[in-house]
Every structure is written in structure tokens, then in C-alpha cells.
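Quick notes on the structure that follows.
Numbering (this note's numbering), first residue to last: 2 to 328.
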């Protein structure tokens, strides 16, 4: 099998986030999976549920750079900024690529960890930036879509805190921050569904085999081909097709791949480790540029909700509550 020339680029920083993952997993134990499952719809598509947020259905092209972890994370931040903060702000994958801890002062196209991206969002902030050749935002993406051959750039890039010349805002004034982020527990797809339902798309990682690169339609299950590497994608919903439960996901290989850039992958069986490698998401700070503050969905606590407060190591107690009756 000859796989098409698509780039990947995940390198998990497991040791750095071991404690964070353990604490976050503990925080999700307030309600059992069966109780949550009973509250979930059989199918859900974030594009249809939050029609006012067109970014959810947008497909990007990472080109030959191993930036899937940065692009998937930036798109989830963008989606959730719209859903939870009611602001259309396109987060820069390029900023995450060259400035987050994984890639700082290194070769950015060699891969990274979505956890680093979300941690950077919360602690340092991320500026705006559009796709390649778009000239949109402070720091647009600089890598062209892939051609017939794919070779990752080996050129180190410095983390410069400045916007492109044509952008009217200063770098520091363009920064948007996350309020907090979460690493979801392994092998608990019901938790993943609940997070999509209450706050929008999430990042997941799967082992990408040669046959995944050749995917065209239907519900993907690995059948043939060698393991090519780990790949980060954006989960935007779920459903069932011909009796097979699936995740609905957006890839970052352009619209020529798959179902116009989207794909379905089997849900509930940890297909290609998509439910166990790394599942991450977060909540934006909802203090907008005018200084008006709101409380994020993730911070709201309805009367009678089951909850558990867990310290995240920064002196704050976070409670992950579920109240899905409104959906």
C-alpha cells in the first residue's frame, strides 16, 4: 500500500502532564458513565447545534508541516471562543507551533503535544492568525498545502512576539487567553461526548496507519498498512451509520481528503487509540476586549448538580459539573 503524502506530527509529553492527567481524571468521577450516557442524544453535530460558529465546520490544510497538534488545538480554541465567549476570534496555529513549550526555539514541524498548546493558551495567551496566504490576523500560518511529495521543513524558527506588518493591533493587545484546560480520562468515550455537548469540539489523537491516509468515506476502522505515526484531529460530534457508532471528526489535510476534509471513525472501541492517547479541551476566558466579563459554561454550577472539586496545582479548585438537560 502506498500512502498519500500527508504529514502528521504528535509527540506526547507524557511525563510533564502525568499529574495533570491524573487529577483531571479524578474530577470526572462525580457521575458514572451510565448516568451520563442516559442524558446524551444518539447523534450530535456541533456544526448544526452552534450554527452561529462557522469555524466548527471549517477544514484547514497543515501542508507538509507536522503541525496537526497545533492546528487541531487552535481550531478547538477558535470554536470554543465562539461558543462560550460569543466572539469570532481565529486562534493562530502558527503562534502555538513556534512558541509553545514543545517547539520553542526548535524545529516546529517535528511535532508536539496538544497539552502544551492548551497550557500555553492558559498561561501565555495566543494571538490571532489565519490560514496560509490568507494574511488574516496577527500571525498567519506560513506552510503551503502539500503537493505530490511531503517533506517537513527543517528550518528552526524563533518565537517572535510581533504581528505581521499589515495587522493593525499590537501583539500583546491581540493575545486571548484560556481560563483553564482539561485532559480527559482515558477510555471513557461518554466523557468525551459530554464535553463536546456542553462546550464544543475537543482534540483527540489517533494512531494513523497507511489506510487512514487513503480514507474516502464511511466509518473508518484500521484494516491494512503500516503505522505512520500519531495524528491529532478535532472531534465535532458523533452518530451511528449502518449500526456502527462513530465519531465525527475534522482533519487538517485539506478538503481533497476524506469527506471534504471530515471523517468518521468507530466510536466506543478505542479504534486506533483515539479514546486513550490524549484527549484535551479547555474553556476561554470570557473577558472580551471591551472588558465585559461573563462566567464560562465550565464554571457554572446548577443547583443539585453532582460535582467534585479537585486542585489543579495552582491553588485553585476546579469542579467539572454536568448538566446536560438543556441540550
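Think of the CB as a built atom: it goes at the ideal place given N, C-alpha and C, for glycine as much as any other residue.
Determine the burial state of residue 225: buried for a count of at least 16 other Cβ atoms within 10 Å of its Cβ, exposed for fewer.
By the 10 Å Cβ count, residue 225 comes out exposed.
Using only the alpha-carbon positions, how far apart do residue 283 and residue 36 sit?
One C-alpha to the other measures close to 23 Å.
Extent of the continuous alpha helix (DSSP H) run through residue 72
Residue range 69-86 is occupied by the alpha helix (DSSP H) that includes residue 72.
Which two residues bound the contiguous beta strand (DSSP E) that contains residue 237?
Residue 237 -> beta strand (DSSP E) spans 228-242.
How many Å lie between residue 292 and residue 216 at the Cα?
At residue 292, the pLDDT of 33 sits below 50, so the modelled position is not reliable; the number obtained from the coordinates is stated separately. If you draw a straight line from the Cα of residue 292 to the Cα of residue 216, it comes to about 46 Å.
Quick check: residue 66 and residue 100, are their CB atoms within less than 8 Å of each other?
For residue 66 and residue 100, no; Cβs fall outside 8 Å.
Excluding five sequence neighbours on each side, which residues of the same chain lie with their C-beta closer than 7 Å to the C-beta of residue 238?
A distance below 7 Å between beta-carbons, with the five flanking residues on each side excluded, links residue 238 to the following residues of its chain, in chain order: 45, 46, 47, 197, 249.
Inter-stretch contact at 8 Å, needing at least 3 Cβ pairs: the region 124-144 / the region 170-180:
Short answer: they touch.
Should residue 167 be labelled buried (16 or more other beta-carbon atoms within 10 Å of its own) or exposed?
By the neighbour-count rule (16 or more Cβ atoms within 10 Å), residue 167 is not buried but exposed.
Endpoints, alpha helix (DSSP H) assigned at residue 20:
Note, residue 20: alpha helix (DSSP H), 19-28.
Taking all protein chains shown into account, do 16 or more other C-beta atoms lie within 10 angstroms of the C-beta of residue 53, making it buried, or fewer, making it exposed?
The residue in question, residue 53, is exposed, as its Cβ has fewer than 16 Cβ neighbours within 10 Å.
Closer than 7 Å by C-beta to residue 14: which residues in its own chain qualify, once you throw out the five before and the five after it? Chain order, please.
Here the set comprises 103, 114, 116, 117.
CB contact flag (residue 209, residue 231, <8 Å):
The Cβ-Cβ distance between residue 209 and residue 231 falls below 8 Å.
Residue range of the beta strand (DSSP E) that includes residue 267
Element bounds for residue 267: 263-267.
Close Cβ partners of residue 264 (< 7 Å) along its chain, the five nearest in sequence each way excluded:
Closer than 7 Å at Cβ, skipping near neighbours: 216, 221, 250, 252.
Residue 197 bridges to which residues according to DSSP?
Within the DSSP bridge table, the entry for residue 197 names no partner.
With burial defined as no fewer than 16 other Cβ atoms inside 10 Å of the residue's Cβ, what is the status of residue 74: buried or exposed?
With 16 or more other Cβ atoms within 10 Å, it is buried.
To which residues of the same chain is residue 229 closer than 8 Å at the C-beta, ignoring the five residues directly before and after it?
Around residue 229: 4, 9, 209, 210, 211, 213, 214.
Give the DSSP-derived three-state secondary structure of residue 284 in the structure shown.
It is a strand residue.
Starting from residue 183, follow its DSSP beta bridges and name the residues at the other end.
The partner list for residue 183 (beta bridge, DSSP) reads 282.
In the DSSP assignment, find the unbroken beta strand (DSSP E) run with residue 248 in it and report its ends.
In the DSSP assignment, residue 248 falls within the unbroken beta strand (DSSP E) covering 245-251.
With a 10 Å radius around its C-beta and 16 neighbouring C-beta atoms as the bar for buried, classify residue 311 as buried or exposed.
The predicted model places residue 311 with a pLDDT of 38, which falls under 50 and marks its position as unreliable; any figure quoted below should be read in that light. Under the 10 Å beta carbon count, residue 311 is surrounded by 16 or more other beta carbons and is classified as buried.
State the start and end residues of the unbroken beta strand (DSSP E) segment that holds residue 209.
Annotation: the continuous beta strand (DSSP E) that includes residue 209 extends over 203-210.
DSSP state of residue 34 mapped onto helix, strand, coil
Reduced to three states, the DSSP call for residue 34 is helix.
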